[in-house]
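Protein chains in written order, with this note's numbering: chain A, 2 to 147; chain B, 2 to 147.
We treat Cβ as the ideally placed atom computed from N, Cα and C, and that holds for glycine.
Computed from a predicted model, the values in this text were never measured in an experiment.
Since the structure comes first, as structure tokens, the remarks are kept for the end.
Structure follows, in structure tokens:
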């Protein structure tokens, strides 16, 4: 089901975070793009607030601050993993098909807003794979979501 | 619905193909990875054969040959777009939840095999965005699936 699909992708993203040497996580990129730590923060600022918004209709922007260490980033990641597991069962089934305006800006069905968050994570995580390859580091296997 | 979600992603991938200068499409990459034309061929070799396999239970590997021009690649892309639209309505609804072994190798429900194809395209297309940025080219907007 969709939560498990999402959490499988999030486990892979966690392994990508772990694959970066700590300094490169925060300061390396290609083509003037954002370092992977900033991309990961974007995922975190979307995941729990979107789950909460779809569940409740309340759209509250994240006030998470960019951490400065890999350990702190992984801790935020794990907190969001637990929060998603807690929030998900509270989503009223009808909310997935109901159109809402996420964060007052993006109109779509609940399911489409959630899929956007997942797709955005896959998209930017793929960019992290290029950063890792450019650093000579083998990225984790894409198909492994365990 | 899922076909429209997929085709929306495929329209974006088509714009990424178009964004590459012809020579860079076939010979540029970062970190020793495949050029974007090869990634696009991977998407093509998955899309129609997977739709056909989920529809029919027949798993037939693609015999598409790598084209040498952008025009040929876009023509293959448009043929696959039409093929997906033709095949999709023939998928028996129960096949989405039925477990099958795609191409005799990858076991999963029809829906999961299709999601894998979509996710794989998003993942590698994100890598194409890095190639474009490294070339100094602004990629198409990720959120625009029109």
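Along the segment 17-46 of chain B, the positions whose C-beta sits under 8 Å from a C-beta of chain A are 31, 32, 33, 34, read in chain order. Contact between the segment 35-51 of chain A and the segment 116-123 of chain A is established, with three or more Cβ pairs separated by less than 8 Å. Any Cβ of chain A closer than 8 Å to the Cβ of residue 8 (chain B) would place that residue at the interface, and such an atom is absent. Taking residue 74 (chain B) as the centre and dropping the five residues before and after it, the same chain places the C-beta of 18, 38, 41, 68 closer than 7 Å to its C-beta, in chain order. Our two residues, residue 11 (chain A) and residue 56 (chain A), have alpha carbons roughly 20 Å apart in a direct line.
At a cut-off of 8 Å between beta carbons, residue 104 (chain A) makes no contact with chain B.
Not a single C-beta of chain B is nearer than 8 Å to the C-beta of residue 58 (chain A). The segment 125-133 of chain B makes contact with the segment 127-136 of chain A: 3 or more CB pairs, one atom from each, lie closer than 8 Å.
Close CB contacts of residue 92 (chain A) within its chain, under the 8 Å cut and outside five residues either way in sequence, are with 52, 55, 56, 111 (chain order). Between residue 77 (chain A) and residue 63 (chain A), the CB-CB gap reaches or exceeds 8 Å.
Looking at the backbone, the Cα of residue 102 (chain B) and that of residue 118 (chain B) are separated by about 14 Å.
CA-CA distance, residue 48 (chain A) to residue 142 (chain A), rounds to 23 Å. Scanning its chain for C-beta atoms nearer than 6 Å, with the 5 sequence neighbours on each side dropped, one finds around residue 135 (chain B) the residues 31, in chain order. The DSSP-derived three-state label of residue 139 (chain B) is coil. In the assembly as shown, residue 50 (chain B) is a buried residue. Its beta-carbon has 16 or more other beta-carbons within 10 Å.
Between residue 82 (chain A) and residue 8 (chain A), the C-beta spacing is below 8 Å. Taking CB atoms only, residue 135 (chain A) has a neighbour in chain B less than 8 Å away.
Against residue 97 (chain A), chain B offers no close residue; the least beta-carbon distance is about 13 Å (beta-carbon pairs closer than 8 Å). At a cut-off of 8 Å between beta carbons, residue 123 (chain A) contacts chain B. Within the same chain, Cβ atoms closer than 7 Å to the Cβ of residue 16 (chain A) are found at 141, the five residues on either side in sequence being excluded.
Boundaries around residue 9 (chain B) are those of the alpha helix (DSSP H), 3-20, since no beta strand (DSSP E) includes it. One alpha carbon belongs to residue 94 (chain A), the other to residue 144 (chain B), and they sit about 25 Å apart.
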